[in-house]
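Undergrad: Take a look at this one; I'll ask things after.
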Amino acid sequence: MKRMGVSALLALSLVGSAAAHRLDEYLQATLIGVTPAGIDVEIHLTPGVAMLPVLMAVIDQDGDGRISPEEERAYAGRVAREVELRVDGVAAPLWLTESNFPTLEAMREGLGTIRMKLHTARSGHALHFENRHLPQVSVYLVNCLAAPSDGLVVRRQKRDEAQRSIEFEYSFGAGTEAGPRAAWIALGPFWPAAIGIIMLVARMAVLIYRTKHDKRESRYSRVRSL
Amino acid sequence: MVKTTVLGSSKSSLLVAVLCCGLAPAQSSSSVASTIVASANGFLSLLDEGQRSKVLFEFNDAAQRTKWSNLPTTMVPRAGLKMGDLSGPQRKAAMGLLAAALSNRGYEKVLAIVEGDEVLRAAGGGGGAMFGRDLFYISILGKPSVKDPWMVQFGGHHLALNITMAGFDGILTPSLTAAQPAKYTVDGKTVRPLGAENDKAFALINALDEGQRKQAILNYKVADLVLGPGQDGKTIQPEGIKCSAMNGSQQAMLLDLVGEWAGIVNEPAAAARMAEIKADLSETWFAWSGPTTNGMPAYYRIQGPTVVIEYAPQPLGGDPTMHIHTIYRDPTNDYGKKSVGRLVPSR
């Protein structure tokens with residue numbers, strides 16, 4: 001290996017592991033995936049070394065210094081409640097589909113990341129996402145994933161300065177067919193009317209069948225009477 | 001706002017020609033690929049059986065392929081052979097393999113990053129136990145060959161090189177370069193491992209006119225890499241200014257900046273990569289977050305159909321300009337997936 005003889009070192013004011021990782025911030029990085037079948041939200045939460053006591057005060061409800069599965073679920077639920085997604089101006093409930101917690105040791109060293117996945121079946125044309133979880137101690141990243149295979153076109157991305165929120169308009173290019181699930185979801189607001197139409201069509205089919213059946217019966221009865 | 005066709009002016013063409021000359025293949029890709037294979041086999045021949053079993057992995061070992069990080073190896077353990085565990089000749093051969101796979105300037109950049117970690121160790125960062133040139137790892141996936149795909153990984157704290165060889169092609173994506181300290185002195189000489197990445201970007205943002213800067217500069221802070229380690233296979237919506245809205249000179253500056261990553265790999269591979277990125281330049285975006293005065297911490301991203309580059313100063317309890325993370329990806333060809341797919345199996 002080519003070696004460079006280090007003759008003079010900078011006076012580096014580095015303290016322990018803080019040299020390598022996040023220190024006093026809670027990084028909340030969100031990626032939003034928009035598909036014709038709904039919206040996926042993936043949140044990665046990485047507490048800095050100095051942030052862990054603050055976070056533990058939130059998560060470790062019984063104060064035993066550990067994070068139990070129940071406390072994990074409760075915390076993930078809290079995060080899910082403190083983010084908001086609106087599609088076409090209407091609140092779209094996000095369901096927690098997955099959450100993974102790192103070891104406490106990893107978080108103590110500032111390299112543990114809590115990973116959460118949320119989903120809504122709603123889709124539309126304009127999206128607004130906002131993260132209101134622990135704003136006093138957090139820094140945020142929020143981005144929309146590109147999805148060329150779905151023909152996704154995103155327009156007019158807007159964020160606040162801290163990246164706590166994002167909004168944009170979107171559409172799916174020509175040739176992109178919404179799958180059966182997407183058609184199912186897209187019908188959502190019109191279900192009462194759709195059911196009514198289905199019942200009407202069914203009623204008409206029954207009436208047509210009965211009319212034909214009655215005619216056939218009368219024809220048969222005429223034939224039998226001959 | 002100045003609008004021109006992509007690299008349409010003769011001045012810009014000249015500039016790009018000069019840039020490409022800097023990356024022009026002095027040797028053919030076939031001879032370079034053969035040299036890299038010979039270097040790999042030379043390194044492997046110096047290892048005992050136990051070491052070989054540690055350094056060699058199946059080419060399709062997805063877990064090993066994606067096991068890289070910006071974090072110290074004491075926190076995110078890497079597999080492979082540790083530099084500190086190699087004998088002098090073995091270590092020299094390992095670095096020889098790296099030198100063969102990279103360009104001269106790429107190799108120098110890598111050495112400067114590794115040496116920066118040694119500076120960190122000597123200064124007592126992390127108690128000194130988690131940093132230093134001995135804590136970098138090398139691994140080889142697949143059998144070195146000019147016909148079949150294989151891969152060299154070299155990395156540790158603030159460095160992850162993933163070099164996929166697919167026939168005569170060399171692919172460097174995804175790779176992570178970083179620096180802490182971003183500036184140090186060696187024998188009285190100042191070393192800035194990622195200094196060009198910083199200075200060329202500030203030159204570019206300041207070469208844009210007011211209207212262009214308004215497009216390029218994001219109205220929000222970016223605290224970290226968006227597509228860093230663990231984000232394989234993801235691409236985000238591009239933002240900032242499209243290169244088709246830049247004049248030829250500005251486009252040439254952007255290509256020169258891209259060359260700081262694309263030019264790390266050996267010259268023939270770098271020339272092919274630059275040509276690929278240049279071909280998509282009109283669809284490439286440049287986004288900036290932060291002040292535009294050189295010396296201040298600013299994030300930027302270059303994103304096109306086949307390239308994503310991010311440069312992110314890290315506000316981790318110190319001067320962000322002294323701690324930089326960068327990522328270099330090709331959404332279409334990370335780990336050489338496209339190039340490997342083009343190979344005709346030799347067996």
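Each protein sequence line maps, in turn, to chains U and D. Using our numbering, you'd call the opening residue of the first sequence number 1 and step up by one each time. Using our numbering, you'd call the opening residue of the second sequence number 1 and step up by one each time. All C-beta atoms, glycine included, are put in the ideal place defined by N, C-alpha and C.
Look at the Cβ atom of D:TYR328, then the Cβ atom of D:ILE309, and state whether they are nearer than 8 Å.
TA: For the purposes of this step, residue 328 of chain D is taken as residue 328 along the second sequence, with counting starting at 1. For the purposes of this step, residue 309 of chain D is taken as residue 309 along the second sequence, with counting starting at 1. Going by C-beta atoms, D:TYR328 is nearer than 8 Å to D:ILE309.
Undergrad: Does chain U have any CB closer than 8 Å to the CB of D:ASP334?
TA: As a position in the second sequence, residue 334 of chain D is number 334, starting the count at 1. Output row for D:ASP334: interface = no.
Undergrad: When Cβ atoms are compared, which residues of the segment 51-72 of chain U fall closer than 9 Å to chain D?
TA: none
Undergrad: Assuming U:MET56 is part of the alpha helix (DSSP H), what are its boundary residues?
TA: Along the first sequence, read from residue 1 onward, the residue named residue 56 of chain U stands at position 56. In this chain, the alpha helix (DSSP H) harbouring U:MET56 covers 52-59.
Undergrad: Helix, strand or coil: how does DSSP classify U:ASP62 here?
TA: Within the first sequence, numbered from 1, the residue matching residue 62 of chain U stands at position 62. In the structure shown, U:ASP62 sits in coil (DSSP, three-state: anything other than H, G, I, E or B).
Undergrad: How close, in whole Å, do the beta carbons of D:ASN70 and D:ALA178 come, if the pair is a contact with beta carbons under 8 Å?
TA: Residue mapping note: residue 70 of chain D aligns to position 70 of the second sequence, counting from 1. Residue mapping note: residue 178 of chain D aligns to position 178 of the second sequence, counting from 1. That pair is a contact at about 5 Å.
Undergrad: According to DSSP, what are the bridge partners of D:ASP117?
TA: Position 117 of the second sequence, counted from the start, is the residue given in the question as residue 117 of chain D. Paired residue(s): none; D:ASP117 is not in a bridge.
Undergrad: Any beta carbon of chain U sitting closer than 8 Å to that of D:LEU14?
TA: The count along the second sequence starts at 1 and reaches residue 14 of chain D at position 14. With a pLDDT of only 43 at D:LEU14, under 50, the local geometry of the prediction cannot be trusted, and the value read off the model is given with reservation. D:LEU14 does not count as touching chain U.
Undergrad: Is the segment 110-121 of chain U touching the segment 62-71 of chain U, taking contact as three or more C-beta pairs under 8 Å?
TA: no
Undergrad: Determine which residues of the segment 196-223 of chain D have a Cβ less than 9 Å from any Cβ of chain U, and write them out in chain order.
TA: LEU218, ASN219, TYR220, LYS221, VAL222, ALA223
Undergrad: For D:ASN266 and D:THR306, which I take to be in contact (beta-carbon distance under 8 Å), what is that distance rounded to the nearest angstrom?
TA: Within the second sequence, residue 266 of chain D is the residue found at index 266, counting from 1. Within the second sequence, residue 306 of chain D is the residue found at index 306, counting from 1. About 19 Å separates the two Cβ atoms, so there is no contact after all.
Undergrad: Under 8 Å between the Cβ atoms of D:THR73 and D:ILE205?
TA: Within the second sequence, residue 73 of chain D is the residue found at index 73, counting from 1. Within the second sequence, residue 205 of chain D is the residue found at index 205, counting from 1. No; because the gap between Cβ atoms is not below 8 Å, this pair is not in contact.
Undergrad: Taking Cβ positions only, does U:ASN100 come closer than 8 Å to chain D?
TA: The residue given as residue 100 of chain U occupies position 100 in the first sequence. Not one chain D Cβ lies under 8 Å of U:ASN100.
Undergrad: So, using beta-carbon positions, are U:ASN131 and U:ARG164 closer together than 8 Å?
TA: Against the first sequence, residue 131 of chain U aligns to sequence position 131. Against the first sequence, residue 164 of chain U aligns to sequence position 164. The answer is yes: Cβ separation under 8 Å.
Undergrad: If you draw a straight line from the alpha carbon of D:THR35 to that of U:GLU109, how long is it in whole angstroms?
TA: Counting from one through the second sequence, the residue named residue 35 of chain D turns up at place 35. Counting from one through the first sequence, the residue named residue 109 of chain U turns up at place 109. The alpha-carbon atoms of D:THR35 and U:GLU109 are separated by roughly 42 Å.
Undergrad: Does the Cβ-Cβ distance between D:PHE59 and D:LEU141 come in under 8 Å?
TA: Locating residue 59 of chain D in the second sequence gives position 59, where the first residue counts as 1. Locating residue 141 of chain D in the second sequence gives position 141, where the first residue counts as 1. For D:PHE59 and D:LEU141, yes; Cβs fall inside 8 Å.
Undergrad: For a contact defined as C-beta to C-beta under 9 Å, what are the partners of D:VAL226 on chain U?
TA: Within the second sequence, numbered from 1, the residue matching residue 226 of chain D stands at position 226. Residues of chain U with a Cβ closer than 9 Å to the Cβ of D:VAL226 are, in chain order, ALA29, LEU31, LEU141, ASN143.
Undergrad: Helix, strand or coil: which one does DSSP assign to D:PRO331?
TA: Taking the first residue of the second sequence as 1, we reach residue 331 of chain D at position 331. The answer is coil: DSSP assigns D:PRO331 none of H, G, I, E or B.
Undergrad: Which residue's Cα is closest to the Cα of U:VAL87: U:LEU127, U:THR35, U:PHE172?
TA: For the purposes of this step, residue 87 of chain U is taken as residue 87 along the first sequence, with counting starting at 1. Nearest option by C-alpha distance: U:LEU127.
Undergrad: Does any CB atom of chain D fall closer than 8 Å to the CB of U:LEU111?
TA: Here residue 111 of chain U refers to the residue found at position 111 when the first sequence is read from its first residue. By this cut-off, U:LEU111 is an interface position.
Undergrad: Would you grab the beta carbon distance between D:VAL55 and D:LEU46 for me? Rounded to a whole angstrom, and I think it's under 8 Å.
TA: Counting from one through the second sequence, the residue named residue 55 of chain D turns up at place 55. Counting from one through the second sequence, the residue named residue 46 of chain D turns up at place 46. The pair is not a contact, with the Cβ atoms about 11 Å apart (cut-off 8 Å).
Undergrad: Is the separation between the beta-carbon of U:HIS119 and that of U:LEU145 shorter than 8 Å?
TA: In the first sequence, counting from the first residue as 1, residue 119 of chain U sits at position 119. In the first sequence, counting from the first residue as 1, residue 145 of chain U sits at position 145. Cβ atoms of U:HIS119 and U:LEU145: not closer than 8 Å.
Undergrad: Would you identify the three-state DSSP class for U:VAL223, choosing helix, strand or coil?
TA: Residue mapping note: residue 223 of chain U aligns to position 223 of the first sequence, counting from 1. Annotation note: pLDDT 39 at U:VAL223 (below 50); position unreliable, coordinate value reported separately. Helix at U:VAL223.
Undergrad: I'd like to know if D:ILE327 contacts chain U, where contact means its C-beta is closer than 8 Å to some C-beta of that chain.
TA: Position 327 of the second sequence holds residue 327 of chain D. Answer no: the Cβ-Cβ gap between D:ILE327 and chain U never drops below 8 Å.
Undergrad: Are the C-beta atoms of U:ARG132 and some chain D residue less than 8 Å apart?
TA: To locate residue 132 of chain U, count along the first sequence from 1; it is residue 132. Chain D, which has no Cβ nearer than 8 Å to the Cβ of U:ARG132, makes this no.
Undergrad: Do you know offhand how far D:ILE171's Cα is from D:GLU118's?
TA: Counted from its first residue, the second sequence places residue 171 of chain D at position 171. Counted from its first residue, the second sequence places residue 118 of chain D at position 118. So the alpha carbons of these two residues sit roughly 28 Å apart.
Undergrad: If you measure from the beta carbon of U:MET163 to each beta carbon in chain D, is any gap under 8 Å?
TA: As a working mapping, residue 163 of chain U is identified with position 163 in the first sequence. Looking at the sequence provided, one finds Gln at residue 163 of chain U rather than Met. For U:GLN163, at least one C-beta of chain D is nearer than 8 Å to its own C-beta.
Undergrad: Using a Cβ cut-off of 8 Å (strictly closer), state whether U:ARG159 contacts chain D.
TA: Locating residue 159 of chain U in the first sequence gives position 159, where the first residue counts as 1. Output row for U:ARG159: interface = yes.
Undergrad: Compare the Cα-Cα distances from D:THR321 to each of D:ARG192, D:GLU108, D:GLY132, D:PHE136 and report the closest residue.
TA: In the second sequence, the residue the question calls residue 321 of chain D occupies position 321. Closest option to D:THR321, Cα to Cα, is D:ARG192.
Undergrad: Which residues, in order along the segment 225-246 of chain D, keep a beta-carbon less than 7 Å from a beta-carbon of chain U?
TA: Hits within the stretch, in order: VAL226, LYS234, THR235, ILE236, GLN237, GLU239.
Undergrad: Shorter than 8 Å from the beta carbon of D:MET253 to some beta carbon of chain U?
TA: Looking up residue 253 of chain D in the second sequence gives position 253. No, its Cβ sits nowhere closer than 8 Å to a Cβ of chain U.
Undergrad: Counting only the same chain and skipping the five closest in sequence on each side, list residues whose C-beta sits under 7 Å from that of D:LEU86.
TA: In the second sequence, counting from the first residue as 1, residue 86 of chain D sits at position 86. Cβ contact annotation for D:LEU86 (same chain, cutoff 7 Å, sequence separation greater than five): ALA94, in chain order.
Undergrad: Could you tell me the alpha carbon to alpha carbon distance between D:SER53 and D:GLY80, rounded to whole angstroms?
TA: On the second sequence, position 53 is the one that residue 53 of chain D refers to. On the second sequence, position 80 is the one that residue 80 of chain D refers to. Rounded to whole angstroms, D:SER53 to D:GLY80 spans 9 Å at the Cα level.
Undergrad: Using a C-beta to C-beta distance shorter than 7 Å, which residues of chain D count as neighbours of U:ALA126?
TA: Looking up residue 126 of chain U in the first sequence gives position 126. Within chain D, no residue comes near U:ALA126; the closest Cβ sits about 15 Å away, beyond 7 Å.
Undergrad: If you draw a straight line from the C-alpha of D:THR66 to the C-alpha of D:GLY230, how long is it?
TA: Within the second sequence, residue 66 of chain D is the residue found at index 66, counting from 1. Within the second sequence, residue 230 of chain D is the residue found at index 230, counting from 1. Near 8 Å, if we compare the C-alpha coordinates of D:GLY230 and D:THR66.
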